[in-house]
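Numbering-wise, our numbering comes out as the position in the sequence shown, counting from 1, plus 12.
Think of the CB as a built atom: it goes at the ideal place given N, C-alpha and C, for glycine as much as any other residue.
The structure displayed is predicted, hence computed values, not measured ones.
To start, the structure under review is shown below, and the notes come after it.
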Amino acid sequence: MTAKTERADAIRWIQTQMDDYGLTLEELDAAGCFAPPPPPPPPAPPAPVVCYRNAEGLTWDGQGEMPSWLKRAVNAGQSVEFFRVG
């Protein structure tokens, strides 16, 4: 017997039991027979806002350690503000 047929047999048995006892899905739900739905997933964190971008399109949001491309530019004499977006 396959899992699919076992499942179909179980559904038929449940339907028969519900008919024999005159039960409805609403009554079973009210009796707590069904698990509550899982809570919705938390919203995704917002995408980091790009504050700095170089000519190659590499970006930094200004949080955490300065990326190597920006460190190299600053060490070469360029201002961090030169790369500011907006």
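What residues match up with residue i in a beta bridge as DSSP calls it?
i, result
"residue 96", "64"
"residue 71", "65"
Using the Cα positions of residue i and residue j, report the straight-line distance between them to the nearest angstrom.
i, j, result
"residue 92", "residue 49", "50 Å"
"residue 37", "residue 46", "10 Å"
"residue 71", "residue 26", "59 Å"
"residue 59", "residue 83", "23 Å"
"residue 42", "residue 17", "29 Å"
"residue 33", "residue 39", "11 Å"
"residue 56", "residue 76", "20 Å"
Leaving out five residues before and five after residue i in sequence, what residues of the same chain have Cβ atoms less than 8 Å from its Cβ?
i, result
"residue 86", "78, 92"
"residue 22", "none"
Shortest alpha-carbon distance to residue i belongs to which of the options?
i, options, result
"residue 97", "81, 74, 39", "74"
Can you list, in chain order, the residues of its chain whose CB lies under 7 Å from that of residue i, leaving out five sequence neighbours each side?
i, result
"residue 14", "none"
Once you ignore the five residues that flank residue i on each side, which residues in its own chain have a CB closer than 6 Å to its CB?
i, result
"residue 81", "66, 70"
Checklist entry - Is there contact here, the segment 81–96 with the segment 52–69, by at least three beta-carbon pairs under 8 Å? => result yes
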